[in-house]
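What follows is a set of notes on a single structure, which appears directly below.
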Amino acid sequence: MARLPAGSLDCRLDRSATRAPDAADRPAVEHRPGSGPGCDGGLARARAPAACQGAQNSSQPSLRGIASGPSGDRLSVTETFDYVVIGSGAAGSSAARALVDLAPEVAVVEEGPSVPTEQFSDRAFPSLARLYRDMGAQLTDGRAPILVLQGRCLGGSTVVNSAIMRRLPEEVWAEWRDVHGLGAALPFAGIDNASAAIESELHTASTPETVWGGNNRLMSLAAVRSGIAGSAIRRNVVGCRGSARCNVGCPVDAKQSMQVTYLPYAAERGARLFTDSRAERVELRGRRAVGVQTTAGFLAARRAVLVAASAVETPRLLWRSGVRSPHLGRHFQGHPGMAIVGLFDEEVRLGRGATQGFELDGLRSDTRVKVETLAAPPETFFGGMPGVGREWLSLMAGYARSAVWVLPLRSYAEGRVSTGRWGRSISFRLDPRDLPNLRRGLRQAAELMFLAGAREVVCPVHGLPRRLRADQLGLIESGTNDPSAYSLAMSHLFGTARMSSRPEAGVVGPDFCVRGTDNLYVVDSSVFPTNLGVNPQLSIMAMARLAVERLAA
Numbered sequence: 004m005a006r007l008p009a010g011s012l013d014c015r016l017d018r019s020a021t022r023a024p025d026a027a028d029r030p031a032v033e034h035r036p037g038s039g040p041g042c043d044g045g046l047a048r049a050r051a052p053a054a055c056q057g058a059q060n061s062s063q064p065s066l067r068g069i070a071s072g073p074s075g076d077r078l079s080v081t082e083t084f085d086y087v088v089i090g091s092g093a094a095g096s097s098a099a100r101a102l103v104d105l106a107p108e109v110a111v112v113e114e115g116p117s118v119p120t121e122q123f124s125d126r127a128f129p130s131l132a133r134l135y136r137d138m139g140a141q142l143t144d145g146r147a148p149i150l151v152l153q154g155r156c157l158g159g160s161t162v163v164n165s166a167i168m169r170r171l172p173e174e175v176w177a178e179w180r181d182v183h184g185l186g187a188a189l190p191f192a193g194i195d196n197a198s199a200a201i202e203s204e205l206h207t208a209s210t211p212e213t214v215w216g217g218n219n220r221l222m223s224l225a226a227v228r229s230g231i232a233g234s235a236i237r238r239n240v241v242g243c244r245g246s247a248r249c250n251v252g253c254p255v256d257a258k259q260s261m262q263v264t265y266l267p268y269a270a271e272r273g274a275r276l277f278t279d280s281r282a283e284r285v286e287l288r289g290r291r292a293v294g295v296q297t298t299a300g301f302l303a304a305r306r307a308v309l310v311a312a313s314a315v316e317t318p319r320l321l322w323r324s325g326v327r328s329p330h331l332g333r334h335f336q337g338h339p340g341m342a343i344v345g346l347f348d349e350e351v352r353l354g355r356g357a358t359q360g361f362e363l364d365g366l367r368s369d370t371r372v373k374v375e376t377l378a379a380p381p382e383t384f385f386g387g388m389p390g391v392g393r394e395w396l397s398l399m400a401g402y403a404r405s406a407v408w409v410l411p412l413r414s415y416a417e418g419r420v421s422t423g424r425w426g427r428s429i430s431f432r433l434d435p436r437d438l439p440n441l442r443r444g445l446r447q448a449a450e451l452m453f454l455a456g457a458r459e460v461v462c463p464v465h466g467l468p469r470r471l472r473a474d475q476l477g478l479i480e481s482g483t484n485d486p487s488a489y490s491l492a493m494s495h496l497f498g499t500a501r502m503s504s505r506p507e508a509g510v511v512g513p514d515f516c517v518r519g520t521d522n523l524y525v526v527d528s529s530v531f532p533t534n535l536g537v538n539p540q541l542s543i544m545a546m547a548r549l550a551v552e553r554l555a556a
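Counting with the numbering used here, you get residues 4 to 556 for the letters of the sequence shown.
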């Protein structure tokens, strides 16, 4: 398969190229290749800051999706493509970028809208409404609900994540090899080489100190004083200004998310992008997937259908399409985690600096917890902080002197995704081993906050004092085993259409093809047999690229 050479990423895309449709037009996203200096046929790279101001100069492509009309009636649309890809996030876009090197007639179907850069907001609530599934309020079922965060827009969660690029840990791959029999089919070197190529294409590098800001500097200081292994986070960005707005959409296209990189690359080579178009089912005739029924019409596939709708939506789509497996929707895994807030006498200024620029890996082997910095609009964090009235307002008033660190946990738990009476249902309960690990991680992270100079720490666990002093940290580790007492959120999701070398143990085989079909593939993190313990964006991209290589072989 042809590979994009490193350094060929400077192609400007003209949003003014959209022309008015007429009756003869195919209802596709209009896209015109860029022109002018620096255009060499590569990816759309973020331009100089001045060029990112205003609609006519945005580096985003011209995107005009097709969708149901105002009445909700289905449009009369039937299109034929070589490949139809469902989902435009890290997996779907990476697959589309690779597929257009094989055949130009590729369709990418995205349920959410296309949101141009100039419409990104620095406030949480407008961003949640436009960019996130269920306004960022998707929850697991039960008495201890966990927030499940997913992007729902062109580019998927890559638009709202923190651009973190971590390779698949070799110890995780060893588990895939030993437990799930995938060593020969998915050699570690193959995944690692694909990851290296993607890192080069997307300008991945360690976060420079010039954009650390106070929050990241404090964690770096804690790492030095404690001797715990820590490092600047590797991110896929170009020209980051440290505006701390990754999670609400980068305002200058510095983050190399899919809507400014792989999707424009694919569109320039003939791919068609259908936004605001929900995939209702894959049409199967015998063992063959012949197309996708969407809310806008039917998209026929000559060669294959690739599903990359996320570990929540992929199993539901496959079930609606008639796929049956005892493992479909099961083995739902993730990285549930929570935040702690350090209150300092000095100014930290969470709104300045890379959203997530520093991490501590040194606790993972002992607690299965990774500690990372995180900055976002104040209402995002302090909405979940303890206290009411004046007590809560005092926390808000100290925002400029607060540091926020988060602790994603490599949970042992497995849940289930299904369709219930009221629609999507996510069942997930922490494993009994998870809370002790989380509490140990919280205590150690709090100790590190005090090493960095905090005078108090806020740990949002019901039953703990609202603010903890350094001599009270033992209360964290001896805390409650009731999971409903912890303010948890989860954003890395896996396993609901898992891969296995044994037909009876998984939904897809080592070739990414759904068992019982000849040309229906799953290429997102649904196929991962386990969670990773690190941010999965790069691994998802690498696996999607490998899937296309297998498909083309």
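Backbone N, C-alpha and C fix where the C-beta goes; we use that ideal spot for every residue, glycine too.
Whole-Å CB distance - residue i paired with residue j, under 8 Å assumed
i, j, result
"Met493", "Leu150", "7 Å"
"Ala357", "Cys243", "6 Å"
"Val351", "Ala406", "5 Å"
"Leu102", "Val551", "6 Å"
"Glu283", "Arg323", "7 Å"
"Val308", "Val285", "5 Å"
"Arg404", "Ala269", "Arg404 to Ala269, Cβ: 45 Å. No contact."
Selection from the options that minimises the alpha carbon distance to residue i
i, options, result
"Phe515", "Ala311, Arg472, Glu507 and Met502", "Met502"
"Met138", "Ser246, Gly154 and Asp125", "Gly154"
"Asn534", "Trp215, Pro435 and Glu178", "Glu178"
"Arg220", "His206, Gly245 and Ala200", "Gly245"
"Ser313", "Ala147, Pro190 and Phe335", "Phe335"
"Ser428", "Arg472, Thr483, Asp144 and Phe84", "Asp144"
"Leu554", "Thr81, Tyr86 and Ser117", "Tyr86"
"Ala488", "Ala457, Leu433 and Leu451", "Leu433"
"Val251", "Ala132, Asn522 and Asp369", "Ala132"
"Ala455", "Gly230, Phe384 and Leu396", "Gly230"
"Gln447", "Gln475, Arg436 and Arg424", "Gln475"
"Ala192", "Pro389, Val344 and Leu171", "Leu171"
Burial state of residue i (16 or more Cβ within 10 Å)
i, result
"Gln540", "buried"
"Asp348", "exposed"
"Glu174", "exposed"
"Pro24", "At Pro24 the pLDDT is 32, less than 50, meaning the model places this residue with poor confidence; the figure from the coordinates comes in the next sentence. Pro24 comes out exposed."
"Val391", "exposed"
"Pro339", "buried"
"Glu114", "buried"
"His465", "exposed"
"Ala556", "exposed"
"Asn538", "buried"
"Pro267", "buried"
"Glu82", "buried"
"Pro129", "exposed"
"Pro486", "buried"
"Val460", "buried"
"Gly482", "buried"
"Ala257", "buried"
"Leu134", "buried"
"Pro411", "buried"
Cβ neighbours of residue i in the same chain (closer than 7 Å, five flanking residues each side left out)
i, result
"Ile543", "Ala93, Ala94, Asp527 and Ser528"
"Pro2", "The structure shown has nothing for residue 2, since the chain only spans 4 to 556."
"Val511", "Ala500, Met502, Val517, Arg518, Val525 and Val530"
"Phe431", "Thr143, Ile149, Phe335, Ala416 and Gly418"
"Thr317", "Val310, Thr499, Ala500, Val525, Asp527 and Ser529"
"Asn484", "Leu438"
"Arg367", "Lys373 and Gly536"
"Ala180", "Here residue 180 is Arg; the residue named in the question, Ala, does not match the sequence. Same-chain partners within the cutoff: Gly186."
"Ala197", "Ala545, Arg548 and Leu549"
"Asn218", "Val351, Leu353, Gly356, Thr376, Ala378, Ala406 and Val407"
Residue i, enclosing beta strand (DSSP E) - first and last residue
i, result
"Ala285", "Note on residue identity: the sequence assigns Val, not Ala, to residue 285. Looking at the DSSP string, the run of the beta strand (DSSP E) that includes Val285 is Ala282 to Arg288."
"Ser430", "Gly426 to Ser430"
"Pro411", "Ser405 to Pro411"
"Leu302", "Gly300 to Val310"
Range of the contiguous alpha helix (DSSP H) that encloses residue i
i, result
"Tyr265", "Tyr265 to Glu271"
"Ser503", "Run containing Ser503: none; DSSP gives neither H nor E here."
"Leu331", "Segment: none, Leu331 is in no alpha helix (DSSP H) and carries neither H nor E."
"Asp85", "Run containing Asp85: none in the alpha helix (DSSP H); it sits in the beta strand (DSSP E), Thr81 to Ile89."
"Ser229", "Gly216 to Ser229"
"Arg553", "Gln540 to Ala555"
Same chain, Cβ closer than 8 Å to residue i, five either side skipped, listed in chain order
i, result
"Ala247", "Gly216, Leu353, Gly354, Arg355, Gly356, Ala357, Thr358, Ala378 and Ala379"
"Arg126", "Val251, Pro380 and Glu382"
Beta-carbon contacts of residue i that lie in its chain and below 6 Å, excluding the five residues immediately before and after
i, result
"Met222", "Phe361 and Thr376"
"Ser165", "Cys249, Thr358 and Gln359"
"Arg237", "Met168, Thr207 and Ser209"
Near the ligand ADP: residue i beta-carbon under 7 Å from a heavy atom
i, result
"Ala342", "The model depicted lacks the ligand ADP and carries no ligand whatsoever."
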